[in-house]
Amino acid sequence: MMDALIRSLIDGLLLGFVYGIAAMGLTLIWGVMNVINLSHGSLIALGMFSVYYLFVGLGIHPYIALVLTAVLGLIFGVIIYFIAVHRVINAPELSTLLATYSVNMMILGIGTAIFTTTPRNIPLDLGSIQFGETVVTMTRLIAAVISVGVAVGLFLFLKYTRPGRYIRAVTDNRDAAEIVGVPSAQVLALTFGLGTLLAAVSGGLIATFFPFTILSGETYELKSFVIGVLGGLGNPVGSLFGGLILGLIEGLVPMAMPTTWTPVLEFVLFVLILLVAPNGLFGGEE
Amino acid sequence: MSKKFFQHASLWLSLGTVLVIGLWPIVTHNALNRETAFTVLSAVALASSLNILLGYTGYVSFGHVVFFGFGGYVGFYTINVLGWNIWMAMLAGGLAAALLAYLLGVAILRLRGAYFALATIGINEAVRAFINNFAPFGGPTGMTLNFKIYKAYGGAMHALQLVFYIMVGLTIIVTILSYWVRTSKFGLGLLAIREDEDAAEVMGVITPSAKNWAFVLSAIIPGMVGAIYFFKNGTIEPGLAFPLRTSIEMIVMIMLGGQGTVLGPILGAAGYETMRDYLLVSPLFKNLQLAISGVLLLLIVLFIPRGLVGWLRQRYPKVRRWLI
Numbered sequence: 001m002m003d004a005l006i007r008s009l010i011d012g013l014l015l016g017f018v019y020g021i022a023a024m025g026l027t028l029i030w031g032v033m034n035v036i037n038l039s040h041g042s043l044i045a046l047g048m049f050s051v052y053y054l055f056v057g058l059g060i061h062p063y064i065a066l067v068l069t070a071v072l073g074l075i076f077g078v079i080i081y082f083i084a085v086h087r088v089i090n091a092p093e094l095s096t097l098l099a100t101y102s103v104n105m106m107i108l109g110i111g112t113a114i115f116t117t118t119p120r121n122i123p124l125d126l127g128s129i130q131f132g133e134t135v136v137t138m139t140r141l142i143a144a145v146i147s148v149g150v151a152v153g154l155f156l157f158l159k160y161t162r163p164g165r166y167i168r169a170v171t172d173n174r175d176a177a178e179i180v181g182v183p184s185a186q187v188l189a190l191t192f193g194l195g196t197l198l199a200a201v202s203g204g205l206i207a208t209f210f211p212f213t214i215l216s217g218e219t220y221e222l223k224s225f226v227i228g229v230l231g232g233l234g235n236p237v238g239s240l241f242g243g244l245i246l247g248l249i250e251g252l253v254p255m256a257m258p259t260t261w262t263p264v265l266e267f268v269l270f271v272l273i274l275l276v277a278p279n280g281l282f283g284g285e286e
Numbered sequence: 001m002s003k004k005f006f007q008h009a010s011l012w013l014s015l016g017t018v019l020v021i022g023l024w025p026i027v028t029h030n031a032l033n034r035e036t037a038f039t040v041l042s043a044v045a046l047a048s049s050l051n052i053l054l055g056y057t058g059y060v061s062f063g064h065v066v067f068f069g070f071g072g073y074v075g076f077y078t079i080n081v082l083g084w085n086i087w088m089a090m091l092a093g094g095l096a097a098a099l100l101a102y103l104l105g106v107a108i109l110r111l112r113g114a115y116f117a118l119a120t121i122g123i124n125e126a127v128r129a130f131i132n133n134f135a136p137f138g139g140p141t142g143m144t145l146n147f148k149i150y151k152a153y154g155g156a157m158h159a160l161q162l163v164f165y166i167m168v169g170l171t172i173i174v175t176i177l178s179y180w181v182r183t184s185k186f187g188l189g190l191l192a193i194r195e196d197e198d199a200a201e202v203m204g205v206i207t208p209s210a211k212n213w214a215f216v217l218s219a220i221i222p223g224m225v226g227a228i229y230f231f232k233n234g235t236i237e238p239g240l241a242f243p244l245r246t247s248i249e250m251i252v253m254i255m256l257g258g259q260g261t262v263l264g265p266i267l268g269a270a271g272y273e274t275m276r277d278y279l280l281v282s283p284l285f286k287n288l289q290l291a292i293s294g295v296l297l298l299l300i301v302l303f304i305p306r307g308l309v310g311w312l313r314q315r316y317p318k319v320r321r322w323l324i
């Protein structure tokens, strides 16, 4: 009993890190430009397929494919920004919600036609290691380590680089940033690109241990919403903790009741936090 | 001519459009046309209902299908388990949806903008996940009607006919409701909330209660549509009852025709459904139907955010008198 508990706890926590960076992409975009990116889920799914085809098709090792996927994600995000979001960035939120959802429809429509909805999985088995009594799957452990690395990287990027400072300046006050010479359109495009990069990387990591289809993204998008709200929308660091909380819930709930109750708890929690503490459990900005 | 006359002209135009769709299969005596018209009318009813909240009040519900699904489940349960007839089941579905909207409204209508939209997505998913676990409603496998139930209506053929007439009736009711809200003092309060909620409050609109009633009004008809839709369908399960995509399609229809107008959602729903039918049967576009709808949505959002009716009103100021 105790073993099973510890095991599902560890599994949940490791998964939580990966969910955390997915949510980080969503909440970065929300925090900087006040856009809820409804194409997030399909971008996660594209990340899964990118790693899959680079590995199965070209024989590139999944973790190197992940780097290429990150670059592709960044470029793709910038393109999406200029085509779909830039024109409506100052319009009421309905416009940006629908603009990003239209991108979601296009990706899913074309993706379903190309990839069909047959489940895929990446045939990668790195074994597992034993910590005392508990066994941890290597792919999950590596995914968690990479996720933490990505999160730290993002934090350092935002804190110490010039583009990172620009992003923080635009977050604080877009008009004032423009006055002092920050190129806000490029900064917003970069932010959207980074958000897409995070989505694609998290998708690629999830694909190394879970089977997926082009439609799998929706589940992870909804999880990202829950995590984003837990950690505070617009608070990327909070997302990592939000991810851990969600991972814990997913690890612990099945011990007490049937697994199918997990989403009920998650979404009830989601709505409650929106109502009680819309800035998340850790305060967040504003 | 008085202002009232022109306002009425707008109502007749909307009702006329609904009647043309409703009479088309009756005149052509074609069962296939009737199925198409049923789909179009249910889309019109759902879009016009959501328009009361989204178009008039300015609150974007991304999970409005929850009322369709919940009303559908309650209606289905009363027919299948309690043995009620379709009329009572429809009322039960509508009332259940209205009650759900009232209770939810008290809690979530305090949220504004994107937070409200997120909360509605969360609620739809929470209700779907709950019903997935709720044994009396059949859990993940849902419920299936006993075929004998249609006997009370003179067989399945007659039941389908009856359901279609009910659908026409519901769509007429929702059109009148939408027109009444748009032209009433209550509706004026909603429009004021849409433009500036704080200013509306200062000017004496009791915003919490107005918003809540708008939410309830926008939920009743979807609940009734859900009840008859699943009675016709003969089976119900969580995936069919709460698809997030349908919620967003309702918004697309409203945007296409013009949000905040009476005629807009009717034209938008009819246009969208017709286009989708065409794309679905065309061998070239069948697989890309979703992508093409996405392109269409993006073009509307970027270039004609007011929709067809809104664009006409802006472009030709003279039509504003009779086109609302």
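Chains as they are written, first to last, in the numbering used here: chain A, 1 to 286; chain B, 1 to 324. Beta carbons are placed, not taken as given, at the ideal position from N, Cα and C, and that holds for glycine.
Item	Value
CB contact check: B/Ile52 to chain A, cutoff 8 Å	no
Unbroken stretches of the alpha helix (DSSP H), 4 residues or longer, contained in the region 102–144 of chain B	114–133
Of the listed residues A/Gly41, A/Ile60 and A/Val88, nearest to A/Leu188 (C-alpha basis)	A/Val88
Beta-ladder partner(s) of A/Val135, from DSSP	A/Gln130
Residues near B/Val106 in its chain [Cβ-Cβ closer than 7 Å; skip 5 each side]	Asn212
Any chain A beta carbon closer than 8 Å to B/Ser293	yes
Inter-residue CB distance, B/Val309 and B/Gly258 (contact presumed, cutoff 8 Å)	3 Å
Three-state secondary structure (DSSP) of B/Thr235	strand
Residues sharing a beta bridge with A/Phe282, DSSP	Answer is none; A/Phe282 lacks a bridge partner.
Contact list for the region 68–98 of chain A against chain B, Cβ threshold 9 Å	Ile83, Ala84, Arg87, Val88, Ala91, Pro92, Glu93, Leu94, Ser95, Thr96, Leu97 and Leu98
Cβ contact check for the region 221–241 of chain B and the region 120–135 of chain B: 3 or more pairs under 8 Å	yes
Residue-level contact to chain A via CB, B/Tyr115, 8 Å cutoff	yes
Touching by the beta-carbon criterion (3+ pairs, under 8 Å), the region 225–242 of chain A and the region 12–25 of chain A	yes
Host alpha helix (DSSP H) of A/Trp30 (start-end)	Met2 to Met33
Contact check, A/Val85 vs A/Phe192, beta carbons under 8 Å	yes
Through-space distance from B/Thr78 to A/Val32, alpha-carbon basis	49 Å
Short-range partners of chain A found in the region 270–294 of chain B, where Cβ spacing is below 8 Å	Asn287, Leu288, Gln289, Leu290, Ala291, Ile292, Ser293 and Gly294
Rounded straight-line distance, which links the Cα of A/Gly243 to that of A/Leu252	14 Å
Cβ pair B/Leu323, B/Leu263 closer than 8 Å	yes
Secondary structure of B/Arg306, DSSP reduced to three states	coil
Where the region 53–80 of chain B meets chain A: residues whose CB sits under 9 Å from a CB there	Leu54, Gly58, Val60 and Phe62
Close beta carbons around A/Glu286, own chain, < 8 Å, minus the five adjacent residues each side	Low local confidence applies: a pLDDT of 42 at A/Glu286 is under 50, so the model's placement there is unreliable, and no value is given.
The region 293–318 of chain B: positions lying closer than 7 Å to chain E by Cβ	The structure shown contains no chain E; the protein chains it does contain are A and B.
Min CB distance A/Pro254 to chain B below 8 Å	no
Beta-carbon spacing of B/Asn287, A/Ala113 below 8 Å	yes
Buried or exposed (CB count within 10 angstroms, at least 16 for buried), B/Ser10	buried
Minimum length 4: unbroken alpha helix (DSSP H) runs contained in the region 117–203 of chain A	138–160, 162–172 and 174–179
Own chain, CB closer than 8 Å to B/Arg306, minus 5 neighbours either side, in chain order	Gly258, Gln259, Arg313 and Gln314
Residues bridged to A/Phe212 (per DSSP)	A/Arg120
Extent of the continuous alpha helix (DSSP H) to which A/Val226 belongs	Gly217 to Gly231
Closest Cα partner of B/Val168 within the set B/Trp12, B/His8, B/Arg34 and B/Gly69	B/Arg34
Close-in-space but distant-in-sequence residues of the same chain around A/Glu266 (CB under 6 Å, 5 per side omitted)	Val226
Any C-beta of chain B under 8 Å from that of A/Ala113	yes
Limits of the alpha helix (DSSP H) - the one that A/Pro254 falls within	Pro236 to Ala256
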